[in-house]
Amino acid sequence: MNIKHLVYFRELAHTQHMSQAAENLGISQPTLSYSIDNLEKQLGVPLFEHEGRNIKLSRFGEIYLKFVTRGLDEIQRGDAILEQLLNVNEGNIRMGFTYTLGQKLIPETLSAFQKKADTENISFELFQGNTNELLDSLLKEKFDFVLSSKIDELNGVPIKNKLNFLPIIQQEIMLAVPADHPLAQQDSVDLKDIADEPLIAFAKTDHMRTLIDEIFTNAGIVPNIKYEVEEDHTLTGFVQFHQGIALVPNLPQLDQTKVKLLHIKNNQVVHQIYMVLKNNRFLTPSVSRFQNFLTDFCKENYKHQHKLL
Numbered sequence: 029m030n031i032k033h034l035v036y037f038r039e040l041a042h043t044q045h046m047s048q049a050a051e052n053l054g055i056s057q058p059t060l061s062y063s064i065d066n067l068e069k070q071l072g073v074p075l076f077e078h079e080g081r082n083i084k085l086s087r088f089g090e091i092y093l094k095f096v097t098r099g100l101d102e103i104q105r106g107d108a109i110l111e112q113l114l115n116v117n118e119g120n121i122r123m124g125f126t127y128t129l130g131q132k133l134i135p136e137t138l139s140a141f142q143k144k145a146d147t148e149n150i151s152f153e154l155f156q157g158n159t160n161e162l163l164d165s166l167l168k169e170k171f172d173f174v175l176s177s178k179i180d181e182l183n184g185v186p187i188k189n190k191l192n193f194l195p196i197i198q199q200e201i202m203l204a205v206p207a208d209h210p211l212a213q214q215d216s217v218d219l220k221d222i223a224d225e226p227l228i229a230f231a232k233t234d235h236m237r238t239l240i241d242e243i244f245t246n247a248g249i250v251p252n253i254k255y256e257v258e259e260d261h262t263l264t265g266f267v268q269f270h271q272g273i274a275l276v277p278n279l280p281q282l283d284q285t286k287v288k289l290l291h292i293k294n295n296q297v298v299h300q301i302y303m304v305l306k307n308n309r310f311l312t313p314s315v316s317r318f319q320n321f322l323t324d325f326c327k328e329n330y331k332h333q334h335k336l337l
């Protein structure tokens, strides 16, 4: 038994006319007759009753037709879905990204992508979280890909051979001070000028903390850490209410009438953002199309112009 035999049976059941069914199917009448005979032998029941030159569905055929019709409809539906998934101009993209990227990079690239031809049938599901949360979900195949920092272990388990990290853009690390801080009138600052001030720092488990510690080490400063928190906007909230200063990734949408962001002089440490893919996972053409667009967008608008996010 094969699908063609079932398609032939359904057509003959609808027409109940051998020559008409064969013509509709684009096959010869003997081929149709052979296929139906073969199907009946495999099932062990007659599907049609012959009345002279006419045929009609048997009682068994009527029952069987309901299941064949339902099954073929599901197969056709599956074919249509797969065809859509394999269409570079259609499909759904599930993307995860860290919180700060939602302020500029993600809306900026989505807006530019949606202005391209034949993108109106590509939809997005967007998810935010910290790097550990995002990569854990990626390993569970909840996302097509993730934009995040790079880590070597997840929950104490090495992930080197499970995920592929592709550097895509670099994000500037800046100093956040209250808007009425004496340094707020400046555009940039030397860390030695704030060496004794209380610092609001990322938690030790956060990837950003490693970068912040490196910046202070390079400057020869032991920071005066007052509080440790886990999220960028929490840091800036503490800064706004004069609990300390903080080193944070660039936050383009931050209200700088309340918290001022300053460039850090003589600092070479930046936050490298990666496009993270699960190894050996099939990606639909529409996902690959957006990934290529995102990579090229970052090169053209940032890397080639020597700009940081």
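For the record, in the sequence shown the residue sitting at position 141 is 169 according to our numbering, with numbers rising by one throughout.
Ideal Cβ placement from N, Cα and C applies to all residues, glycine included.
Problem - DSSP state of VAL297 mapped onto helix, strand, coil - result: Under the three-state reduction of DSSP output, VAL297 falls in the coil class, being neither helix nor strand.
Practice task
Could you tell me the boundaries of the beta strand (DSSP E) in which ARG122 lies?
Solution key: Taken as a continuous stretch (DSSP letters only), the beta strand (DSSP E) holding ARG122 covers 118 to 125.
Practice task
Report back the beta-carbon spacing between GLU258 and ALA231 to the nearest angstrom; my notes put them in contact at under 8 Å.
Solution key: The Cβ separation is near 5 Å, so the contact holds.
Problem - Nearest neighbour of THR312, chosen from THR59, VAL96, ILE121 and ASP218 [CA to CA] - result: Per the Cα distances, ILE121.
Handout entry: LYS288 in three-state terms, based on DSSP
Key = DSSP places LYS288 within a strand segment (E or B) once states are collapsed to three.
Problem - Segments assigned alpha helix (DSSP H), at least 4 residues, entirely inside the stretch 44 to 125 - result: Qualifying alpha helix (DSSP H) stretches, in chain order: 46 to 53, 57 to 71 and 87 to 113.
Exercise for the section: Step through the CB atoms of chain C and report whether any lies within less than 8 Å of the CB of ASP146. Expected result: The displayed structure is made up of one protein chain only, and chain C is not part of it.
Practice task
Kindly confirm or deny that the stretch 279 to 298 and the stretch 198 to 208 touch, where touching means at least three C-beta pairs closer than 8 Å.
Solution key: Yes, the stretch 279 to 298 touches the stretch 198 to 208.
Practice task
Assess, as a yes-or-no matter, whether the stretch 173 to 183 is touched by the stretch 257 to 277 under the definition of 3 or more beta carbon pairs within less than 8 Å.
Solution key: Short answer: they don't touch.
Exercise for the section: Would you mind reading off the limits of the beta strand (DSSP E) that contains ALA140? Expected result: Residue range 133 to 141 is occupied by the alpha helix (DSSP H) that includes ALA140, with no beta strand (DSSP E) assigned at that position.
Problem - Where the alpha helix (DSSP H) through PRO251 begins and ends - result: Looking at the DSSP string, PRO251 is not in any alpha helix (DSSP H), and its letter there is neither H nor E.
Exercise for the section: Take the Cβ of LEU110 as the centre, count every other Cβ of all protein chains shown within 10 Å, and call the residue buried at 16 or more, exposed below. Expected result: That one is exposed.
Exercise for the section: On the DSSP bridge assignment, give the partners of SER22 in chain order. Expected result: Past the edges of the chain, shown from 29 to 337, lies residue 22, and the structure says nothing about it.
Practice task
Classify PHE22 as helix, strand or coil using the three-state DSSP reduction.
Solution key: As shown, the chain starts at 29 and ends at 337. That puts residue 22 outside it, with no answer to give.
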